[in-house]
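J.:
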Amino acid sequence: MAAYTIDFKASVEKDLKRVPKDRLPDILEKIEELADVPLPSDSKKLSGAEHLYRVRVGDYRIIYEVVHKTKSVTIFYVRNRRSAYRGL
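Counting in this note's numbering, the sequence shown runs from 1022 upward without gaps.
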């Protein structure tokens, strides 16, 4: 049973449509894992952004926020490494 709920920003749907079909299952699996372990050992806190973290899935980055008080994880972006950090 998932300890945290997963929420998605509207832009994530657009991001996922751009992901190659062979990478999509790995990315979705990683997002599901965040519900059980929101801060896995391979996550990194983003500098300059108080509550944002990232996890890697190959060349893709999942940028997300964890709110422990409400037990929620909000996915902000799923993007290629080259463009993942623009606009943060």
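The beta-carbon is built from N, C-alpha and C at its ideal position, and this holds for glycine as well.
#1: Report yes if the C-beta distance between I1052 and I1027 is below 8 Å; otherwise report no.
#2: Go to E1050, then tell me how far its alpha helix (DSSP H) extends in each direction, as first and last residue.
#3: Which residues bound the alpha helix (DSSP H) around D1036?
#4: My understanding is that V1040 touches Y1085, with C-beta atoms under 8 Å, so please give their C-beta distance in whole angstroms.
#5: Thinking C-beta only, is V1076 closer than 8 Å to P1061?
T.: With the given structure in hand:
#1: With contacts defined by Cβ atoms closer than 8 Å, I1052 and I1027 form a contacting pair.
#2: E1050 -> alpha helix (DSSP H) spans 1045-1057.
#3: First-last of the alpha helix (DSSP H) with D1036: 1032-1039.
#4: That belief does not hold up - the Cβ atoms of V1040 and Y1085 are roughly 16 Å apart, past 8 Å.
#5: Yes, Cβ-Cβ distance for P1061 and V1076 is below 8 Å.
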